[in-house]
């Protein structure tokens, strides 16, 4: 009886381990959900005005462009590692699966845009791409400015510490930390 229970318990542990390993990629946050698109469909079900729906559909397209950009960057980063078999093929397959999901979402957004406004289906992603790039460039510009200020701060800290050390050396009082 105890042997049977131990075998069942062992099988359960093995099954949960395999399940956890297989679900590791699909549970990564942010990869499967376009919350802006979900919000659009919720608002559409509530019957809000077309102007509000257009805004949310454009936001969904911008979010999709961001997610596509993130996947492309990640794929570029791991491509060589994948070719040299340094990392597993599962991550590459997951990124390819994400690209397929993005393609399907793009088709949904284009269809909704075309239904909402004639000819907008072909133009929505041009607009979303330009808005996304503008936002991305603004963020990169801000990061560069922050890095410059951090570098200047680091130089000032080093200068101050150097002066303090020289002063202490001249006085013969070197603090022990």
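In the numbering used here, the protein residues as written are 3 to 179. Don't be surprised by glycine CBs; every beta carbon is placed ideally from N, CA and C.
Spatially closest choice to residue 63 from 50, 75, 39, by CA coordinates: For the purposes of this step, residue 63 is taken as the residue at position 61 of the chain shown. Measuring from the Cα of residue 63, the nearest candidate turns out to be 39.
For residue 83 and residue 76, the rounded distance between their alpha carbons: What you label residue 76 is simply residue 74 of the chain shown in a count that begins at 1. What you label residue 83 is simply residue 81 of the chain shown in a count that begins at 1. Cα to Cα, the separation comes out at about 11 Å.
Buried versus exposed, by CB contacts within 10 Å (16 or more), residue 130: The residue labelled residue 130 in the question sits at position 128 within the chain shown. By the 10 Å Cβ count, residue 130 comes out buried.
7 Å CB neighbourhood of residue 176 in its chain, flanking five on each side removed: Position 174 of the chain shown, counting from 1, holds the residue named residue 176. Answer for residue 176: 170, listed in chain order.
Span separating the alpha-carbon of residue 149 from that of residue 159: To locate residue 149, count along the chain shown from 1; it is residue 147. To locate residue 159, count along the chain shown from 1; it is residue 157. Cα-Cα distance, rounded: 15 Å.
Per-residue burial, residue 50 [other beta carbons within 10 Å of its own, 16 or more giving buried]: On the chain shown, position 48 is the one that residue 50 refers to. The residue is exposed, with fewer than 16 neighbouring Cβ atoms inside 10 Å.
Residue 98 - DSSP class collapsed to helix/strand/coil: As a position in the chain shown, residue 98 is number 96, starting the count at 1. Reduced to three states, the DSSP call for residue 98 is helix.
Residue 100, buried or exposed, once every other Cβ within 10 Å from all chains shown has been counted against 16: Within the chain shown, numbered from 1, the residue matching residue 100 stands at position 98. Burial call: buried.
Exposure label - residue 135; buried when at least 16 CB within 10 Å: Translated into the one-based positions of the chain shown, residue 135 becomes position 133. With fewer than 16 Cβ atoms within 10 Å of its Cβ, residue 135 is classed as exposed.
Own chain partners of residue 71 with C-beta closer than 6 Å, once the 5 adjacent residues on each side are dropped: Counting from 1 along the chain shown, the entry for residue 71 is found at position 69. No residues qualify anywhere along the chain.
Three-state secondary structure assigned by DSSP to residue 78: The residue you call residue 78 lines up with position 76 of the chain shown. Residue 78: helix per DSSP, three-state reduction.
Residue 151, buried or exposed, once every other Cβ within 10 Å from all chains shown has been counted against 16: Here residue 151 corresponds to residue number 149 of the chain shown, with the count starting at 1. Exposed, by the Cβ-count rule.
For residue 132, the nearest candidate out of 54, 61, 16 (CA to CA): Here residue 132 is taken as the residue at index 130 of the chain shown, counted from 1. For the residues 54, 61, 16, the minimum Cα distance to residue 132 belongs to 61.
Helix, strand or coil at residue 87 according to DSSP, with G and I counted as helix: The residue labelled residue 87 in the question sits at position 85 within the chain shown. Residue state, collapsed to three classes: coil.
Element boundaries [alpha helix (DSSP H), containing residue 119]: For the purposes of this step, residue 119 is taken as residue 117 along the chain shown, with counting starting at 1. Neither: residue 119 is in no alpha helix (DSSP H) and is coded neither H nor E.
Element boundaries [alpha helix (DSSP H), containing residue 40]: Here residue 40 refers to the residue found at position 38 when the chain shown is read from its first residue. Where residue 40 is concerned, the enclosing alpha helix (DSSP H) stretches over 37-48.
Exposed unless 16 or more other CB atoms sit within 10 angstroms - verdict on residue 37: One-based indexing of the chain shown puts residue 37 at position 35. Residue 37 should be labelled exposed.
Helix, strand or coil at residue 174 according to DSSP, with G and I counted as helix: Taking the first residue of the chain shown as position 1, residue 174 is located at position 172. It is coil, neither helix nor strand.
CB contact flag (residue 97, residue 73, <7 Å): The sequence position of residue 97 within the chain shown is 95, counting from 1. The sequence position of residue 73 within the chain shown is 71, counting from 1. Contact: yes.
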